[in-house]
Amino acid sequence: MTTDSELRRRFVMAIDEVLPPAPWLASQVGDAVQRERRGARRALEGGGPRLRLAAGAAAILITVVAVTTLLFSVGLHNRTVPNPSRNQTPLASPTYTFTPSPAVRAASWPPGGTVPEQLAGCWQPKLLASTDTLCLGGYSFDFGQDFISGNVVVNGSEIDFISDTCTAQATYGYDRYHYTVTGGALVLTKFPTSNTGAWGNCGWRLQGSYTKLSSP
Amino acid sequence: MTTVVNALAVGESELVPRAKAGDQEAFSALLSPLIGSAYRLAGAMLHDRHAAEDIVQDSSIKAWRKLQQLKAGTEMRPWFLGIVANECRSARRTSWWSVLKLANPERPEPPVGDSLAAFADLRRAIRRLRHRRRLLLVLHWYLDLPLAEVAAIAGSSQDAVKSELARAVRQLRDMLLVGEE
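Below, the structure is given as structure tokens:
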């Protein structure tokens, strides 16, 4: 039987063996952050008088198209299934705001309704010093600014997280949990039989305790 | 003329407000000393140097975007390593990673001699540990961080970290014993 210090020594050597030094990484990361910053600044300021003019014209055009589309969609309504995808998060945004989707659900989802008032809002995982939060509202959820998002239905004490990220075929899958809310604490307990069959495999491990951060 | 900012000379308490105000040099001065630890953390969690490089880069951009969330009095290192740890967890959680990396965690490694083969067994055992236990072991054993800092990154008390570390070591030993039988 090895001692703890011997096991620790072997632990370090075992990892070192597959992890060569990467001295260039710091400058590579510095460049990436700089690109990110420039991209954000360009997005905010534009790149010169001509570009700003073109951007202004494009913005007007987009606004006109958006308003027209909105008017049409309000009038004709409404077979659209809301599913806020990760791409909808503005990349350069320094602050992130969760926006629940409208109250429309797809027939193919599991039974259930919108997120009740006691669940709505953003929740901080207790287990890790996570900077990501689980936000719930309407038929929507979002976990982490750049990670997973999708729809959610609540049926009694059951909450199902639905997303097209669960399957490689981009069909919907869902992950089932029991939930309890006591005071400002949310506990999610995973159903043992979820993620089977045509629903794909999410395996998000949302199970755990959360602390309330904000209400919508 | 560019002023080279040295995190040690200037001090975190001065650099953080400057970085929050958009000073990228201050942010670089804060981040640069942590890149090595971040890479080692991601590499030890994922056992893949390329994935580790990607994680460190993504985490750095995320840290830049979320810098406003760094609370006054919170140290940069545990905050940033917490982001890296979460990115590793997210990477392991996504479907493509599960399929590519976790579908067959027992895949044989090339034979490279007895001592190195023993390391391969150890790595397989480390991969079988749950994320949190692996994280605690990597932070304390591999990065040699004090328990207080491990607890800050893991969002636990020191006592909880200590007892979970003991359980992680016990589990690792058990898995290695099973492997030897």
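Protein chains in written order, with the numbering used here: chain A, 1 to 216; chain B, 1001 to 1181. Quick reminder that beta carbons are idealized off the backbone N, C-alpha and C, glycines included.
Find out if the Cβ-Cβ distance for the pair residue i, residue j is shorter than 8 Å.
i	j	result
B:L1165	B:L1137	yes
A:L206	A:T133	no
A:I162	A:V154	no
A:A14	B:R1123	yes
B:S1037	B:L1081	yes
B:A1051	B:A1091	yes
A:F191	A:Y177	yes
A:Y174	A:P110	yes
A:P20	B:R1065	no
B:L1139	B:Q1171	no
The alpha helix (DSSP H) with residue i in it runs from where to where?
i	result
B:S1037	1024-1046
B:D1054	1049-1065
B:L1147	1147-1154
B:L1015	1012-1020
A:L119	Taken as a continuous stretch (DSSP letters only), A:L119 belongs to no alpha helix (DSSP H), as it is neither H nor E.
A:L206	Per DSSP, A:L206 belongs to no alpha helix (DSSP H) and is neither H nor E.
B:L1137	1131-1137
Assuming residue i is part of the beta strand (DSSP E), what are its boundary residues?
i	result
A:F11	From DSSP, A:F11 is part of no beta strand (DSSP E) but of the alpha helix (DSSP H) over 4-17.
A:L186	185-190
A:L140	Here the sequence assigns Ser to residue 140 of chain A, which means Leu is not the residue at that position. It spans 140-143 - the beta strand (DSSP E) in which A:S140 sits, taken as one unbroken run.
A:L134	134-137
Count the other CB atoms within 10 Å of the CB of residue i; is the residue buried (16 or more) or exposed (fewer)?
i	result
B:H1047	buried
B:E1087	buried
B:L1034	buried
A:P125	buried
A:V65	exposed
B:A1168	buried
A:L71	exposed
A:R38	exposed
A:T2	exposed
A:W24	exposed
A:R9	exposed
A:F11	buried
B:P1110	Here B:P1110 scores only 47 on pLDDT, less than 50, and its place in the model should not be relied on; the value that follows carries that caveat. Its Cβ having fewer than 16 others within 10 Å, B:P1110 is exposed.
Under a CB-based cut-off of 8 Å, is residue i close to chain D?
i	result
B:S1060	The question asks about chain D, but that chain is absent: this structure's protein chains are A and B.
Review point. Between the segment 133-141 of chain A and the segment 1012-1028 of chain B, are three or more C-beta pairs nearer than 8 Å?
Key: Output reads no: the segment 1012-1028 of chain B does not touch the segment 133-141 of chain A.
Review point. Taking three-plus beta-carbon pairs below 8 Å as touching, is the segment 1152-1172 of chain B in contact with the segment 1069-1084 of chain B?
Key: Here the segment 1152-1172 of chain B lies against the segment 1069-1084 of chain B, with 3 or more beta-carbon pairs under 8 Å apart.
Review point. Do the segment 1056-1066 of chain B and the segment 24-36 of chain A make contact, defined as three or more Cβ pairs closer than 8 Å?
Key: Segments in contact, yes.
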